[in-house]
Amino acid sequence: KRALDSVQTKRVLNADDPLTRSLGEKDSEFFGLSPECGEKDQNSENVLDGQTCKICGERLKYSVRFYGQLGDYECVCGFSRPSPAVEGKNLILSSEGYGFEALGLEAKIGSPGRYNVYNALAAMAGANAMGWPVEAIAKVAGDIRTDIGRMEKLKGPKDKQIVLTLVKNPTGLNEVLKVLAAEKRSYSLLMVLNDLAADGRDVSWIWDAGLERLERAGMNKLFVSGARGWDLAVRLKYANLGDSEVFSSPFQAIDDLIETSDYVHLLTTYTTLYALRDHLAKKGFKS
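Numbering (our numbering), first residue to last: 274 to 560.
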């Protein structure tokens, strides 16, 4: 925070995040989403990492939430969300990604996940703060492709498609679940849960994610695997998704889905991400 107090520093901060908002307001360019893009249900997000005020320590009050601790917040001490100079509006989610407007410009993100919209808004705010043409950011946003396992679309033989997604905490999983809940196309789902050091030994976080968002109606098959696959099967059952088929090998599970499904969402924790991707590449699936 002291480094940001330099007279030559221009802050570009997320207005919707009380943690970054607390870095100050002087010489700051704020970006964020319009409150109309949020959810008024106070239980819409089960986990809030930054739910207390960084100024006085009191619990923040939210009128809407976007995800995690991001939303329209205020505190009894007066600390609150500032009005962003770059505000995303008219947010539309599709299987191809997000569409939105900011500064009177239309933009598209070629990948689902609301965090990708925030990345684009941050770039637009940075350009705006520097006096650079924001139109260029809006124009190229749709050409940006996410990295390995970030809702990565893999196309294979016979027009089959697999969406490969790394999941490692409830906030990220909740965003993925929103995408699945909005799917217009029927799909099969494979979830792989491990508990090695790189995954995190404690897998209780699956109970903090809103798996109740999912509906079995649009799902052809529901498979689980991994070292803690049975734990995941229990969690899914409590989410009213019924019985899932548990596989000891995630490779066997995905092979079964490749044979029987045209469209698959594959959610996995870290330690099987690259091995599964390599396995799919050998089967002819490429991004």
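Beta carbons are placed, not taken as given, at the ideal position from N, Cα and C, and that holds for glycine.
Three-state class that DSSP yields for S271 in the structure shown: Residue 271 is absent from the structure shown; the chain starts at 274 and stops at 560.
Candidates F352, Y346, E488, of which the one nearest Y511 by Cα: Position 238 of the sequence shown, counted from the start, is the residue given in the question as residue 511. For Y511, the nearest C-alpha among the options comes from E488.
Spatial distance of Y391 from K431 (CA atoms): Walking along the sequence shown from the start, residue 391 turns up at place 118. Walking along the sequence shown from the start, residue 431 turns up at place 158. When rounded, the distance between both Cα atoms is 35 Å.
Of the residues Y340, R501, D516, L437, the one placed nearest G323, counting alpha carbons only: Here residue 323 refers to the residue found at position 50 of the sequence shown. For G323, the closest alpha carbon among the candidates Y340, R501, D516, L437 is that of Y340.
Whole-angstrom distance between A500 and A482, CA atom to CA atom: To locate residue 482, count along the sequence shown from 1; it is residue 209. To locate residue 500, count along the sequence shown from 1; it is residue 227. In this model, A482 and A500 are separated by some 19 Å (Cα to Cα).
Closest by C-alpha distance to A414, when choosing among E448, G445, F373: Counting from 1 along the sequence shown, the entry for residue 414 is found at position 141. Looking at the Cα atoms, F373 is the closest of the given residues.
Cβ-Cβ distance between G370 and I382 below 8 Å: Against the sequence shown, residue 370 aligns to sequence position 97. Against the sequence shown, residue 382 aligns to sequence position 109. Cβ distance < 8 Å, so G370 and I382 count as in contact.
Segments of 4+ residues assigned as alpha helix (DSSP H) that fall wholly inside the region 486-549: Segments of the alpha helix (DSSP H) lying fully in the region 486-549: 502-511, 523-533.
Residue span of the beta strand (DSSP E) that contains E379, given as start and end: Translated into positions along the sequence shown, residue 379 becomes position 106. In the DSSP assignment, E379 falls within the beta strand (DSSP E) that extends over 378-382.
Which listed residue (S356, A411, S522, L394) has its alpha carbon closest to that of L549: Along the sequence shown, read from residue 1 onward, the residue named residue 549 stands at position 276. Among S356, A411, S522, L394, the Cα nearest to that of L549 is on S522.
The region 439-446 touching the region 470-478, judged by at least three CB pairs closer than 8 Å: These segments touch.
Segment contact, 8 Å Cβ cut-off, at least three pairs: the region 459-467 with the region 528-546: Under the Cβ criterion (8 Å, minimum of three pairs), the region 459-467 counts as touching the region 528-546.
Proximity to K412 [Cα-Cα], best of K327, L514, A380, C329: Residue 412 sits at position 139 when you count from the first residue of the sequence shown. A380 is the residue among K327, L514, A380, C329 whose C-alpha sits nearest the C-alpha of K412.
Segment contact flag, the region 551-560 with the region 515-535, C-beta cutoff 8 Å, min 3 pairs: When Cβ pairs closer than 8 Å are counted between the two stretches, the region 551-560 is seen to touch the region 515-535, the count reaching three or more.
Local Cβ density within 10 Å of N389, reported as buried at 16 or more and exposed below that: If you number the sequence shown from 1, residue 389 lands on position 116. N389 comes out buried.
Assumed close pair M403, V359 - CB separation to whole angstroms, cut-off 8 Å: To locate residue 403, count along the sequence shown from 1; it is residue 130. To locate residue 359, count along the sequence shown from 1; it is residue 86. A Cβ-Cβ separation of about 12 Å leaves M403 out of contact with V359 under the 8 Å criterion.
Continuous alpha helix (DSSP H) assignments of at least 4 residues falling wholly in the region 281-355: Within the region 281-355, the complete alpha helix (DSSP H) runs of at least 4 residues are 291-294.
Buried versus exposed call for A409 [16 or more other C-beta atoms within 10 Å across all chains shown]: Counted from its first residue, the sequence shown places residue 409 at position 136. Exposed, since its Cβ has fewer than 16 Cβ neighbours within 10 Å.
Three-state secondary structure (DSSP) of K441: Your numbering for residue 441 matches position 168 in the sequence shown. DSSP places K441 in coil when its eight states are reduced to three.
DSSP state of E374 mapped onto helix, strand, coil: Taking the sequence shown and counting its residues from 1, one reaches residue 374 at position 101. Per DSSP, reduced to three states, the secondary structure at E374 is strand.
Alpha helix (DSSP H) segment containing K412, residue limits: The count along the sequence shown starts at 1 and reaches residue 412 at position 139. First-last of the alpha helix (DSSP H) with K412: 407-413.
Among T325, Q281, L306, T282, nearest to L292 - alpha-carbon criterion: The residue you call residue 292 lines up with position 19 of the sequence shown. By alpha-carbon distance to L292, the top candidate from T325, Q281, L306, T282 is T325.
Delimiting residues of the beta strand (DSSP E) encompassing M464: Locating residue 464 in the sequence shown gives position 191, where the first residue counts as 1. Its beta strand (DSSP E) spans residues 460-465.
Beta-carbon proximity list for G386, same chain, < 6 Å, skipping 5 on both sides: What you label residue 386 is simply residue 113 of the sequence shown in a count that begins at 1. Taken in chain order, the residues that qualify are M424, E448.
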